[in-house]
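Engineer:
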Amino acid sequence: MSKFLELQCFDSESGSLTVFEKHLPGSIKRVFYIHCEEGKVRGGHRHKKTWQAITCLTGSCRIYINNGQYEQEYFLFSPNQCIILQPEDWHIMDSFSKSCILLVLANELYDPSDYIDEPYELKTMKNADTIS
1 MSKFLELQCF DSESGSLTVF EKHLPGSIKR VFYIHCEEGK VRGGHRHKKT
51 WQAITCLTGS CRIYINNGQY EQEYFLFSPN QCIILQPEDW HIMDSFSKSC
101 ILLVLANELY DPSDYIDEPY ELKTMKNADT IS
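For what it's worth, the working numbering labels the leading residue of the sequence shown as 1, then goes sequentially.
1. What alpha helix (DSSP H) runs, 4 residues minimum, are completely inside the segment 49–81?
2. Would you kindly work out how many angstroms separate the C-alpha atoms of D94 and E13, rounded to a whole number?
3. Using DSSP bridges, identify the partner residues of D11.
4. With DSSP collapsed to three states, give me the class of D94.
5. Taking Cβ positions, are A136 and C100 nearer each other than 7 Å?
6. Taking all protein chains shown into account, decide if C56 is buried (16 or more other Cβ within 10 angstroms of its Cβ) or exposed.
7. DSSP beta-bridge partners for I83?
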């Protein structure tokens, strides 16, 4: 299942520095960001082998995750919050604020054959705690 992290943030008079060091489960091969209009939905897939680290650089959004056994939702509203999605985590991102920008770090380069677009079959899911 996904993992919620509070990233270490170093504050000074000139600003803040937030680091991912020692938190990621491997090497980064792909970096991209998502900016989306309010009311839109992104994601709607899981992966065969790609994990992703997602942080909200500005604004806020909700991330819903279902790994076939558990479902959970997170609300990101700070650049020092990070979600690590495992490959089996089917996810959507929604409830974007007007200024939301998501930064995504991934261990694999883009490969269309790595995507699984179908959600898990609906069944009684165990709810993990909501994080916000």
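All residues carry an ideal CB built from backbone N, CA and C; glycine is no exception.
Structural biologist: Let me lay it out:
1. none
2. 34 Å
3. S16
4. strand
5. The question about residue 136 has no answer here: the residues shown for the chain are numbered 1 through 132.
6. buried
7. F4 and I54
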